[in-house]
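Colleague:
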Amino acid sequence: GAGVSQTPSNKVTEKGKYVELRCDPISGHTALYWYRQSLGQGPEFLIYFQGTGAADDSGLPNDRFFAVRPEGSVSTLKIQRTERGDSAVYLCASSQSGLNNEQFFGPGTRLTVL
Amino acid sequence: RKEVEQDPGPFNVPEGATVAFNCTYSNSASQSFFWYRQDCRKEPKLLMSVYSSGNEDGRFTAQLNRASQYISLLIRDSKLSDSATYLCVVNLAGGGNKLTFGTGTQLKVEL
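Sequence lines, in order, name chains A and B. Taking our numbering, the leading residue of the first sequence gets 1, the next gets one more, and so forth. Taking our numbering, the leading residue of the second sequence gets 1001, the next gets one more, and so forth.
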């Protein structure tokens, strides 16, 4: 079946611009996660949705970052006033509800802020 | 101190060699443990979960030592296709399903 999909695969923007990154989880997965991976590092947790609500947003670095999942399926990560330090690969994952269910990752969106 | 620490490598080994990766975690409340594999410019994929009793999946063996807060991965008879970055991953108790990743250990298997 279809895995997690993310669009765009690459995004180049200028400092100060607004960007939206989209994640389409595996059908039926109620849990959705956003991670950010910088070069040479492991992924870092940003936010976790259970259904439509953000169950844990403790990883969002500041108030320029916001994510929504209005219908409990597709999620959008929004970054305002982008900075060069926001450049990274943004990974989305989904899983069935319940603790320790395997998280399946999408291919990521590579964001470059010039 | 990082929550999950790994030697970044790279580990360059000949085909057929046995190689071991180690990982330590700082939070004693950690509940679940995993090894993920990540190929260059690809997404991470679950390799195996790690249990206190130790577990094996073909050429791969994972061990957990809760007292020492130490996790290991052993790869026997390594193949060229094993070349990748291996990420040690921890899930804190009460942390929902939020995963904490190490920086990864890079493995290169050579002819």
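Note that the Cβ used here is the ideal one computed from N, Cα and C, for glycine as well.
If you reduce the DSSP assignment to three classes, tell me which class G53 (chain A) lands in.
Modeller: Strand at G53 (chain A).
Colleague: Are L1127 (chain B) and V1109 (chain B) close, meaning C-beta to C-beta below 8 Å?
Modeller: Outside the modelled stretch of chain B, which goes from 1001 to 1111, sits residue 1127 (chain B), for which no answer is possible.
Colleague: For L1073 (chain B), which residues in chain A fall below 7 Å Cβ to Cβ?
Modeller: Residues of chain A passing the Cβ test: none, with the nearest at roughly 15 Å.
Colleague: Tell me the start and end of each unbroken beta strand (DSSP E) in the stretch 1014-1084 of chain B that is at least 3 residues and wholly inside, in chain order.
Modeller: Whole beta strand (DSSP E) segments, 3+ residues: 1019-1025, 1030-1038, 1044-1050, 1055-1057, 1060-1065, 1070-1075.
Colleague: When Cβ atoms are compared, which residues of the stretch 1052-1068 of chain B fall closer than 9 Å to chain A?
Modeller: So the list is empty, because no residue satisfies the distance condition.
Colleague: From what residue to what residue does the beta strand (DSSP E) around A31 (chain A) run?
Modeller: Per DSSP, A31 (chain A) belongs to the beta strand (DSSP E) from 31-37.
Colleague: Would you call R36 (chain A) buried or exposed, if buried means 16 or more other Cβ atoms sit within 10 Å of its Cβ?
Modeller: R36 (chain A) is buried by the Cβ-count criterion.
Colleague: Smallest Cα separation from R110 (chain A): which of A:F65, A:N101, A:V12?
Modeller: The shortest Cα separation from R110 (chain A) among A:F65, A:N101, A:V12 belongs to A:V12.
Colleague: Helix or strand or just coil, what does DSSP make of D24 (chain A)?
Modeller: D24 (chain A): strand per DSSP, three-state reduction.
Colleague: Let me check one thing: in DSSP terms, what residues is Q1106 (chain B) bridge-paired to?
Modeller: Paired residues: B:T1085.
Colleague: By the three-class DSSP mapping on this structure, what secondary structure does R110 (chain A) have?
Modeller: If DSSP states are grouped into helix, strand and coil, R110 (chain A) belongs with the strands.
Colleague: Bridge partners for V77 (chain A) per DSSP, in chain order?
Modeller: Here residue 77 (chain A) turns out to be Leu, not Val, going by the sequence shown. Answer is A:L21, A:A67.
Colleague: Residues of the stretch 102-114 of chain A in Cβ contact with chain B at a cutoff of 9 Å, in chain order, please.
Modeller: Within the stretch 102-114 of chain A, the qualifying residues are E102, Q103, F104, F105, G106, P107, G108, R110.
Colleague: Measure how close the beta-carbons of Y18 (chain A) and Q80 (chain A) come, nearest whole angstrom, since I'm counting them as under 8 Å.
Modeller: The pair is a contact, with the Cβ atoms about 5 Å apart (cut-off 8 Å).
Colleague: List, in order along the chain, the chain A residues whose C-beta lies closer than 7 Å to that of S1026 (chain B)?
Modeller: In chain order: nothing, as chain A lies at least about 14 Å away.
Colleague: With a cut-off of 8 Å, does the C-beta of P1014 (chain B) fall near any C-beta of chain A?
Modeller: By this cut-off, P1014 (chain B) is not an interface position.
Colleague: Any Cβ of chain A within less than 8 Å of the Cβ of E1043 (chain B)?
Modeller: With 8 Å as the cut-off, E1043 (chain B) counts as an interface residue toward chain A.
Colleague: Which residues in chain B have a C-beta closer than 8 Å to the C-beta of P25 (chain A)? List them in chain order.
Modeller: None at all; the shortest Cβ gap to chain B is about 13 Å.
Colleague: Which residues does DSSP pair with A93 (chain A) in a beta bridge?
Modeller: DSSP output for A93 (chain A) lists A:Y33, A:F105 as bridge partner(s).
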